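> Residues in the sequence shown are numbered from 1 upward in steps of one, following the UniProt record's numbering. Ideal placement from N, C-alpha and C gives every residue a C-beta, glycine not left out. Because the structure is a prediction, the values reported are computed rather than measured.
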Amino acid sequence: MMSNIKESKSVETLTTDLSISTGISEEDKKLNEILKNRLRKYIKKLDETYASITKEESERIELDTFKQLYKPKTEGDAETYKKIPKFHFKLPNSDDILAQKLREETRSQFLQKKSKELLDNSELKHLWSLLKKTNGSYSMANNEELTIDYLQFRKIRDEAGPKY
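This is how it looks when you write it as structure tokens:
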């Protein structure tokens, strides 16, 4: 019974379901309209030649014909995969020296950039002294942990500077 209901869907509801689930583009929507018009003409021609066809049978033929015409478009293309960016690149071969040097250089620049973001020893000592100066409260969960509230945090942040 459920399959009869699914088969009796018209072209409009099928294309609406497809556009909702796949998010088709404007170009595909235009193609859908062209296909629907071709199907309507085809069904009208069939209705004229076979006057004894019922409405359900007509809709079934319409749906089958639509699936035949539309199926190649929904299966996807190898072309569509060319639009997807590549997220992983293989390591360069051992004989490709230029690619290896480029990889090493970019990695070293990345690490230098990250190390500049980190605090050095003197900056850590300065931050620690600022934290010690505040009158924080001891937490109830752990008696050895000193906690500060948001106002104290803002005060320390302003005194410490932008890198902190």
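Is DSSP giving S21 helix, strand or coil here?
Reliability of the predicted coordinates at S21 is poor, the pLDDT of 49 falling under 50, and the value obtained from them is presented with this limitation in mind. Helix, per DSSP.
> Classify F110: buried if its beta carbon has 16 or more other beta carbons within 10 angstroms, exposed otherwise.
By the neighbour-count rule (16 or more Cβ atoms within 10 Å), F110 is not buried but exposed.
> How far does the alpha helix (DSSP H) with N135 in it reach, from first residue to last?
No alpha helix (DSSP H) contains N135, which DSSP labels as neither H nor E.
> Should F66 go down as buried or exposed, given a rule of 16 or more other Cβ atoms within 10 Å for buried?
That one is buried.
> Among the residues of its own chain, which have a CB less than 8 Å from the CB of A160, if the five just before and after it don't count?
Only H126, L127 and L130 meet the Cβ criterion.
> So what's T65 in DSSP terms, helix, strand or just coil?
The answer is helix: DSSP assigns T65 an H, G or I state.
> In angstroms, rounded to a whole number, what distance separates the CA positions of K101 and L91?
Whole-angstrom Cα-Cα distance: 12 Å.
> Quick check on DSSP: helix, strand or coil for L146?
Reduced to three states, the DSSP call for L146 is strand.
> Using C-beta distances below 7 Å, list every residue in its chain close to G136, excluding the 5 sequence neighbours before and after it, in chain order.
Around G136: L146, T147, I148 and Q152.
> Can you tell me which of I156, K163 and R157 puts its alpha carbon nearest to the alpha carbon of K116?
Nearest of I156, K163 and R157 to K116, Cα basis: K163.
> Within 10 Å of its beta-carbon, does N32 have 16 or more other beta-carbons around it, so buried, or fewer, so exposed?
Buried.
> Are the Cβ atoms of L69 and L39 separated by less than 9 Å?
The answer is yes: Cβ separation under 9 Å.
> If you reduce the DSSP assignment to three classes, tell me which class S94 lands in.
Reduced to three states, the DSSP call for S94 is coil.
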